[in-house]
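Going down the list, the protein sequences come from chains A and B.
Mapped onto numbering that gives the first Met the number 0, the consecutive letters of the first sequence carry residue numbers 0 to 337.
Mapped onto numbering that gives the first Met the number 0, the consecutive letters of the second sequence carry residue numbers 0 to 337.
All C-beta atoms, glycine included, are put in the ideal place defined by N, C-alpha and C.
Please read all numbers here as calculations on a predicted model, not as lab measurements.
Working notes, beginning with the structure itself.
Number of protein chains: 2
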Amino acid sequence: MMNWYFQSGKESDVVLDTKITISRNIEGFPFVPKLKDDQAKEIIDRLEQSSVIANYNLKMLKLSDMDELTRQSLVEKYMLNSKYINGNLENKAILMNEDENICIVLNEKDHLKIQVFASGLELESSLNLAMELEEKLDKELKFAYNNKYGYLTSSPTNLGTGLRASVIAHLPALSKTQNLSKIFEAVNDLGMNIKDIYGEGVRIKGNIYQISNKQTLGIREKDIIKNLKAIVDKVIEQERLARKILAKNQVELEDDVYRSYGILTNSRKITNEEMVSLMSDVRLGVDMGIIKEITDLKVNKLDILSRSANLQKYFGENLDVFDRNIKRAELVKKIINE
Amino acid sequence: MMNWYFQSGKESDVVLDTKITISRNIEGFPFVPKLKDDQAKEIIDRLEQSSVIANYNLKMLKLSDMDELTRQSLVEKYMLNSKYINGNLENKAILMNEDENICIVLNEKDHLKIQVFASGLELESSLNLAMELEEKLDKELKFAYNNKYGYLTSSPTNLGTGLRASVIAHLPALSKTQNLSKIFEAVNDLGMNIKDIYGEGVRIKGNIYQISNKQTLGIREKDIIKNLKAIVDKVIEQERLARKILAKNQVELEDDVYRSYGILTNSRKITNEEMVSLMSDVRLGVDMGIIKEITDLKVNKLDILSRSANLQKYFGENLDVFDRNIKRAELVKKIINE
Chain A
0 MMNWYFQSGK ESDVVLDTKI TISRNIEGFP FVPKLKDDQA KEIIDRLEQS SVIANYNLKM
60 LKLSDMDELT RQSLVEKYML NSKYINGNLE NKAILMNEDE NICIVLNEKD HLKIQVFASG
120 LELESSLNLA MELEEKLDKE LKFAYNNKYG YLTSSPTNLG TGLRASVIAH LPALSKTQNL
180 SKIFEAVNDL GMNIKDIYGE GVRIKGNIYQ ISNKQTLGIR EKDIIKNLKA IVDKVIEQER
240 LARKILAKNQ VELEDDVYRS YGILTNSRKI TNEEMVSLMS DVRLGVDMGI IKEITDLKVN
300 KLDILSRSAN LQKYFGENLD VFDRNIKRAE LVKKIINE
Chain B
0 MMNWYFQSGK ESDVVLDTKI TISRNIEGFP FVPKLKDDQA KEIIDRLEQS SVIANYNLKM
60 LKLSDMDELT RQSLVEKYML NSKYINGNLE NKAILMNEDE NICIVLNEKD HLKIQVFASG
120 LELESSLNLA MELEEKLDKE LKFAYNNKYG YLTSSPTNLG TGLRASVIAH LPALSKTQNL
180 SKIFEAVNDL GMNIKDIYGE GVRIKGNIYQ ISNKQTLGIR EKDIIKNLKA IVDKVIEQER
240 LARKILAKNQ VELEDDVYRS YGILTNSRKI TNEEMVSLMS DVRLGVDMGI IKEITDLKVN
300 KLDILSRSAN LQKYFGENLD VFDRNIKRAE LVKKIINE
């Protein structure tokens, strides 16, 4: 089994992955904050009977049936909101396929959060799949819709299409050449959001940014995607340009990425923060053809599996911070030598 | 050919090498500061005719016949004083064998500086060889001697025996456990000198110290050696004890030494300062049996050959600082992969 997130897709030297989210609510039920336990259960029941389960090889997984690490691992994979894994877990469930590229979350912020993931830049195809799922579910469930506002969502920022399209981009060269603020400005001016996925002002320097649409209302889905794609294409172009500038100082660049590679592969304990920062250099080195010792696949594996919950799931045990740091270094050696 | 300084001797986990220096002046000549050119040449001529040249396979090398890099390389190997390689080089010469463990310097501070080097802790045997050389030379040259003071030297600190015995010790664990100041105090109290070979207050942290005798007057050579040996044995014991303490925190220690190993072997440019500091960790790792990827011999080679002049001699070209840093990283790869 090769989950989508281990693979490399289009423009993967800059775009790590694409995520399409469509938020929907079922007619006749109150929004989640006012949803009663029996209503939440009824929504789960209705989904259980949906034809999409068989047609897309989905599995219904109740959050109360998962162990804590599995729930946290889904948060780390950006499938669940971290707030969602608290509270009454009986009312919460996901529908997911084996590849994990489809993940429908029930009773999170809205009744349904239809998510489609893909490696690399795959906005159109991901949107198509998400909309196909949405249509089929709509026929069976009937989603709350208003002629003026379009699809109704618990948060007004999602009203209309209920569509959030986002791309995760690795922008180390724009960062190293001090060009990020210009990019931030341009992306915002063009009506899109851009943010550091590790949070603003955080010490972690992974150089990984999420670019997503702001507007959901009064615009067609295809246009949202088209606009986002145009902007992401520009960002990719700028990042590649910045890499060419870095490449002019070949020794400096090689020294940077190989020092990080050297520390990564030789350390005996490594914090999550340091891992993220080292991986940015190593990914850049691999993507620029400098580091030849490891493949893209291994970079992705290291990236995903080194996150705290995934790491513990990988080793099949609950670990405190001290032991996680040791096991993280062990994981690196295992994957490098695979 | 395997020069003495690439080898590992006794107690080599702590003691890198031993050096015995006997300073002598020839009767009937003024001390070096007042020595005229023709007198300096006469001293060189007399040595040229000495029987020790043939008996110990020595070669006479005039400093004026060497290129600048070779002279600097001798300074880096602690055979010549850095001040000695300036001024009129016609009056200066050394007598050296192929192993380079015997190096007699002419007209430096005194007419003769008889030096014997050995890997590891070799005080007695080195003293014996140095005294054997001294006796043979004395018969032929007749050294200035005074019944009250013993052998006369240009600096009063060498009067008497003219003997300086020193040991180079690597004390990373005493440094990491913050025990160095105690050691410094004890060594000084026991009448010996101890100093950082990279100079006091210098930023370089190579954890390499020279321990040598203070007293040269009113004491027999054998007793100087015996006292120094007793103190060095204590220092070795303390350093080994400190290593045992470090070893209790195995992960921390392995992490430390392997990170340095990772940077050393992966960097693409490396300054002399950083090299010295990384090599201290790597040497500790190898000596404690943690780092198994390289041998003692390679550690010694890296240590010696990475010094600026040696590095340039190794690559057979004059290099500026920028290129030296690149070539230093290249040297590491070459030697590691030998």
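Residues that DSSP places opposite Lys147 of chain B in a beta bridge: In DSSP, Lys147 of chain B forms no bridge with anything.
is_contact[Glu253 of chain A, chain B] using C-beta, thresh 7 angstroms: Contact with chain B is found for Glu253 of chain A, since one of that chain's Cβ atoms lies less than 7 angstroms from the residue's Cβ.
Run of the beta strand (DSSP E) containing Ile212 of chain A, from where it starts to where it stops: Per the sequence shown, residue 212 of chain A should be read as Asn rather than Ile. It spans Ile207 to Asn212 - the beta strand (DSSP E) in which Asn212 of chain A sits, taken as one unbroken run.
Cβ-based neighbour list, Glu272 of chain A, same chain, cut-off 7 angstroms, excluding 5 preceding and 5 following: So the qualifying residues of the chain are Arg202 and Ile203.
Top-ranked residue by Cα proximity to Thr156 of chain A, from A:Ile21, A:Asp322 and A:Lys300: The option with the nearest alpha carbon to Thr156 of chain A is A:Ile21.
Interface flag, Lys33 of chain A vs chain B, CB-CB below 7 angstroms: The beta-carbon of Lys33 of chain A is placed no less than 7 angstroms from the nearest beta-carbon of chain B.
Exposed unless 16 or more other CB atoms sit within 10 angstroms - verdict on Thr264 of chain B: Buried: at least 16 other Cβ atoms inside 10 Å.
Leu189 of chain A classed as buried or exposed, judged by whether at least 16 other C-beta atoms fall within 10 angstroms: It is exposed - the Cβ of Leu189 of chain A has fewer than 16 other Cβ atoms within 10 Å.
Close Cβ partners of Arg306 of chain B (< 6 angstroms) along its chain, the five nearest in sequence each way excluded: For Arg306 of chain B, where only same-chain residues beyond five positions count, the Cβ hits under 6 angstroms are Glu75.
Residues in the stretch 255-276 of chain B having any Cβ partner in chain D nearer than 7 angstroms: Although the question refers to chain D, the structure presented lacks it and instead comprises the protein chains A and B.
Rounded separation between Ser7 of chain B and Ile223 of chain B - CA only: One C-alpha to the other measures close to 24 angstroms.
Cβ neighbour criterion (16 or more within 10 Å) applied to Met130 of chain B: Burial call: buried.
CB contact flag (Ser125 of chain A, Thr215 of chain A, <7 angstroms): At the C-beta level, Ser125 of chain A and Thr215 of chain A stay beyond 7 angstroms of one another.
Alpha-carbon to alpha-carbon, Lys291 of chain A and Arg258 of chain A: Looking at the backbone, the Cα of Arg258 of chain A and that of Lys291 of chain A are separated by about 14 angstroms.
Near-chain B residues of the stretch 49-81 of chain A - C-beta to any C-beta below 9 angstroms: Listed in chain order, the positions of the stretch 49-81 of chain A with a beta carbon within less than 9 angstroms of a beta carbon of chain B would be empty, since no residue qualifies.
Residue-level contact to chain B via CB, Val281 of chain A, 7 angstroms cutoff: In terms of beta-carbon proximity, Val281 of chain A stays away from the interface with chain B, with every pair separated by 7 angstroms or more.
Exposed unless 16 or more other CB atoms sit within 10 angstroms - verdict on Phe28 of chain A: Classification of Phe28 of chain A: buried, given that the 10 Å Cβ count is 16 or more.
When A:Asn317, A:Ser211, A:Gln209 and A:Gly119 are compared against Leu66 of chain A, the one with the closest alpha-carbon: Inspection of the sequence shows that residue 66 of chain A is occupied by Asp rather than by Leu. Considering only alpha carbons, the answer is A:Asn317.
Between the CA atoms of Asp255 of chain B and Asp36 of chain A - distance to the nearest angstrom: A straight line joining the alpha-carbon of Asp36 of chain A with that of Asp255 of chain B spans about 54 angstroms.
For Asn164 of chain B, the residue or residues it bridges with in DSSP: Note that residue 164 of chain B is Ala in the sequence shown, not Asn. In the DSSP assignment, Ala164 of chain B is bridged to B:Ile19.
Supposed contact pair Ile293 of chain A and Glu253 of chain A - C-beta distance, whole angstroms, cut 8 angstroms: Not confirmed; about 15 angstroms, so no contact.
Within-7 angstroms CB hit, Val250 of chain B to chain A: Chain A, which has a Cβ nearer than 7 angstroms to the Cβ of Val250 of chain B, makes this yes.
Cα-Cα separation between Thr160 of chain B and Ser50 of chain B, rounded to whole angstroms: Using only the alpha carbons, I get a separation of about 23 angstroms.
Contact list for Ile325 of chain A against chain B, beta-carbon separation under 8 angstroms: Against Ile325 of chain A, the close residues of chain B are Val250, in the order they occur along the chain (beta-carbon pairs closer than 8 angstroms).
For Met274 of chain B, the nearest candidate out of B:Asp286, B:Lys233, B:Thr69 and B:Arg323 (CA to CA): Comparing Cα-Cα distances from Met274 of chain B to each of B:Asp286, B:Lys233, B:Thr69 and B:Arg323, the minimum goes to B:Arg323.
C-beta contact flag for Ala143 of chain A and Asn24 of chain A at 7 angstroms: Result yes, Cβ atoms of Ala143 of chain A and Asn24 of chain A sit closer than 7 angstroms.
Simplified DSSP state of Asn299 of chain B, which is helix, strand or coil: Looking at Asn299 of chain B - three-state DSSP - the assignment turns out to be helix.
Lys112 of chain B - partner residues in DSSP beta bridges: B:Ser22 and B:Val104.
Spatially closest choice to Lys113 of chain B from B:Ile101, B:Glu123, B:Val13 and B:Ser154, by CA coordinates: What sits at residue 113 of chain B in the sequence shown is Ile, not Lys. Closest option to Ile113 of chain B, Cα to Cα, is B:Ile101.
Given Asp311 of chain A as reference, the closest of A:Asp109, A:Leu68 and A:Glu337 once Cα atoms are compared: Position check: residue 311 of chain A holds Gln in this sequence, whereas Asp was assumed. Of the listed residues, the one whose Cα sits closest to Gln311 of chain A is A:Leu68.
Per DSSP, the bridge partner or partners of Ala117 of chain A: As a beta-bridge residue in DSSP terms, Ala117 of chain A pairs with A:Thr17.
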